[in-house]
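There are 2 protein chains.
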Amino acid sequence: MLAAARAAFAERGYDGASIRAIATAAGVDPALVHHYFGTKDALFLAAVEAPADPDEFLPRVLAAPPEALGAAVVGMVLHVWDGPARPGILALVRSAVNHEWSARLLREFVLAKIIRRVIGSLDMPVAEREARGALVASQLVGLVMTRYVLRLEPLASARPDDVVAAIAPTVQRYLTGDVALPGRPD
Amino acid sequence: MLAAARAAFAERGYDGASIRAIATAAGVDPALVHHYFGTKDALFLAAVEAPADPDEFLPRVLAAPPEALGAAVVGMVLHVWDGPARPGILALVRSAVNHEWSARLLREFVLAKIIRRVIGSLDMPVAEREARGALVASQLVGLVMTRYVLRLEPLASARPDDVVAAIAPTVQRYLTGDVALPGRPD
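Line by line, the protein sequences give chains X and Y. The opening position of the first sequence corresponds to residue 1 in the numbering used here, with each subsequent residue numbered one higher. The opening position of the second sequence corresponds to residue 187 in the numbering used here, with each subsequent residue numbered one higher.
Spelled out as C-alpha cells, the structure:
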C-alpha cells in the first residue's frame, strides 16, 4: 500500500492521487486503506516517511498576523530543524536530491502540506499564491541547505533569533510585499 | 595528487591548504604539483572537479556597480545553470548533500571562489563580509535547489529575467542593504 501510495503521489501529486486509485494499484479494497491510515493526509505523511507532522507546528504559525508571518515561518523552520526530527528530514532531503521521484514527493510535501497552507491564510489569486509560495520555498530551502547541510558560517552556528531577524524580512516580502512575481511562460 | 588535494581542501579549507603540504601528503615534490596544475587555484578547481570556471563569468559580475550587484549575481547563477555545465554542477550538489567531505569542498568552492570575490568588491569589515556572504548563499543555493532540483513551479519554468526581477532585491539587500547580520555566538 505504501509503495503504491508513494508512486501515486510522486506521479500525480497530492491532489491528483486518490485513495481509490492507490487501493486499486495495491490490489486491495479502499476501505482497507482507510482502516490502516484513516485520511489521505495521514497516508501521505506515512508514504513520505515524514519525520515531523505539520499539524503539530503549523497552527502556531498560522495564528500569526499577516505582517508577522515571515518571522513565524522562519522561526518554525529553525525550531523543527533544531529539534529531534533533524536526522529524518536530512534523510528526506538527501533522498530528494538523489532520486527524481523522491524530489517530487518532497516537493509535494513542502507544497501541499506547508507552503500552501501558510499562503492559503492570505487573500490573493491562485497564480500569485503559487509564485509567492515558490519564492518562499527558495529562501527556506536555501536557509536549510546552508545552515544544516553545507554548514556555512556564521549562519551554521548563529542563534535562531538572529537568523530569524536576518531572513524573515525576505520571506515576509515574498509572502505579502512588493515582488515582481515570476510566472510560467505562455 | 588530486586525492591529497581534495583531502587537504576539505579538511583545512582553501586558505589553510598549501601546495607544499598537499605535495608532501601525495609523496611528490611541490614543483611537480606546480608543473601539473600551475596555481593553487587551478589545483582546487581540478580537485573539486568544478564543471565551470568562475574566472570565465565572474569578471562580468564584478564589473556591475554596487547597486546592481544583486541582479548581476542572480543573472550569472541562472546563466551558468542554464548552460552546458548543469549536469556537472548537479553532480557536485548531489555529492555535497551525501558526503560530509564533499559538502566541505562545495562550501569552500562557493565561498572562496564566488561569494568572497563578489563581496570582496564591497568595502566592509571581515565579519560583515562573512555574514552577508552566507545570507547571499542561502538565497542562491535555495534558488538553485527549487528551480533545478525540486523543480517547483512557477520558478522551474519561469524566464531567467523574471527570476532575476523577483530574487535580485533579496540578494541586493543581503549584499549592501539594511540587514540584522547574524554572527557566531560568543
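Where is the CB? At the ideal position from N, CA and C, for every residue including glycine.
Is any beta-carbon of chain Y found at less than 9 Å from that of X:A112?
By 1-based counting over the first sequence, the position of residue 112 of chain X is 112. No, no contact with chain Y.
Taking C-beta to C-beta, are X:G70 and X:T176 nearer than 9 Å?
Translated into positions along the first sequence, residue 70 of chain X becomes position 70. Translated into positions along the first sequence, residue 176 of chain X becomes position 176. It is a contact, given that the beta carbons lie within the stated cut-off.
Could you check what DSSP says for Y:T210 in three-state terms: helix, strand or coil?
Counting from 1 along the second sequence, the entry for residue 210 of chain Y is found at position 24. Three-state result, Y:T210: helix.
State the DSSP-derived secondary structure class of X:R86, mapped to helix, strand or coil.
The count along the first sequence starts at 1 and reaches residue 86 of chain X at position 86. Reduced to three states, the DSSP call for X:R86 is helix.
Which class does X:M1 belong to by DSSP, given the choice of helix, strand or coil?
Numbered from its first residue, the first sequence carries residue 1 of chain X at position 1. Of the three classes helix, strand and coil, the one that applies to X:M1 here is coil, per DSSP.
Shorter than 9 Å from the beta carbon of X:E56 to some beta carbon of chain Y?
In the first sequence, the residue the question calls residue 56 of chain X occupies position 56. Not a single CB atom of chain Y sits nearer than 9 Å to the CB of X:E56.
Under 9 Å Cβ-Cβ, which residues of chain Y neighbour X:D214?
An answer regarding residue 214 of chain X cannot be provided, because it is not within the stretch 1 to 186 covered by chain X.
CA-CA distance, X:Y148 and Y:S324?
One-based indexing of the first sequence puts residue 148 of chain X at position 148. One-based indexing of the second sequence puts residue 324 of chain Y at position 138. A straight-line Cα-Cα distance of about 11 Å links X:Y148 and Y:S324.
For the candidate residues X:P30, X:P84, X:E108, X:H99, whose alpha-carbon lies nearest to that of X:G13?
Numbered from 1 along the first sequence, position 13 holds the residue referred to as residue 13 of chain X. Selected option, being the one with the closest Cα: X:E108.
Please name the residue, chosen from Y:P346, Y:H285, Y:T225, Y:D227, that lies closest to X:L150 on a Cα-to-Cα basis.
The count along the first sequence starts at 1 and reaches residue 150 of chain X at position 150. Of Y:P346, Y:H285, Y:T225, Y:D227, the residue nearest in Cα terms is Y:H285.
Note down, in chain order, all residues in the segment 84-97 of chain X with a beta-carbon under 8 Å from any beta-carbon belonging to chain Y.
V93, R94, A96, V97
For the structure I just gave you, are there three or more beta carbon pairs, one from the segment 127-141 of chain X and one from the segment 309-320 of chain Y, closer than 8 Å?
Touching, no, given that fewer than three Cβ pairs across the two stretches are closer than 8 Å.
Straight-line CA distance for X:A46 to X:P182?
As a working mapping, residue 46 of chain X is identified with position 46 in the first sequence. As a working mapping, residue 182 of chain X is identified with position 182 in the first sequence. Roughly 33 Å between the two C-alpha positions.
In chain X, which residues lie less than 8 Å from Y:R293 when you measure between Cβ atoms?
Position 107 of the second sequence, counted from the first residue, corresponds to residue 293 of chain Y. Going along chain X in sequence order, the residues near Y:R293 (Cβ under 8 Å) are L150, R151, L152.
Out of X:P66, X:A50, X:L135, state which residue places its alpha-carbon closest to the alpha-carbon of X:A96.
Counted from its first residue, the first sequence places residue 96 of chain X at position 96. Residue X:A50 is the option with its Cα nearest to X:A96.
CB-CB under 8 Å to Y:R303, same chain, minus the five flanking residues each way: which ones, in chain order?
Taking the second sequence and counting its residues from 1, one reaches residue 303 of chain Y at position 117. For Y:R303, where only same-chain residues beyond five positions count, the Cβ hits under 8 Å are P240, L244, L248.
In three-state terms, what does DSSP make of X:E128?
Working through the first sequence from its first residue, we reach residue 128 of chain X at position 128. Helix at X:E128.
Label X:A17 either buried or exposed according to how many other C-beta atoms from any shown protein chain fall within 10 Å of its C-beta, with 16 as the threshold for buried.
Within the first sequence, residue 17 of chain X is the residue found at index 17, counting from 1. Counting Cβ neighbours within 10 Å, X:A17 comes out buried, since at least 16 surround it.
Out of curiosity, what's the CA-to-CA distance linking X:L92 and X:R86?
To locate residue 92 of chain X, count along the first sequence from 1; it is residue 92. To locate residue 86 of chain X, count along the first sequence from 1; it is residue 86. Distance between the alpha carbons of X:L92 and X:R86 is about 10 Å.
Within the 9 Å Cβ cut-off, does Y:I353 reach chain X?
As a position in the second sequence, residue 353 of chain Y is number 167, starting the count at 1. Yes, because at least one Cβ of chain X sits closer than 9 Å to the Cβ of Y:I353.
Give me the chain Y residues within the contact set of X:M145, using Cβ-Cβ distance strictly less than 7 Å, ordered along the chain.
Locating residue 145 of chain X in the first sequence gives position 145, where the first residue counts as 1. Within chain Y, the residues near X:M145 are V327, G328, M331.
When the Cα atoms are used, what is the spatial distance from Y:P371 to Y:T356?
By 1-based counting over the second sequence, the position of residue 371 of chain Y is 185. By 1-based counting over the second sequence, the position of residue 356 of chain Y is 170. Those two C-alpha atoms are separated by around 25 Å.
Unbroken alpha helix (DSSP H) runs of length 4 or more, entirely within the segment 93-144 of chain X: which are they?
100-108, 116-120, 126-144
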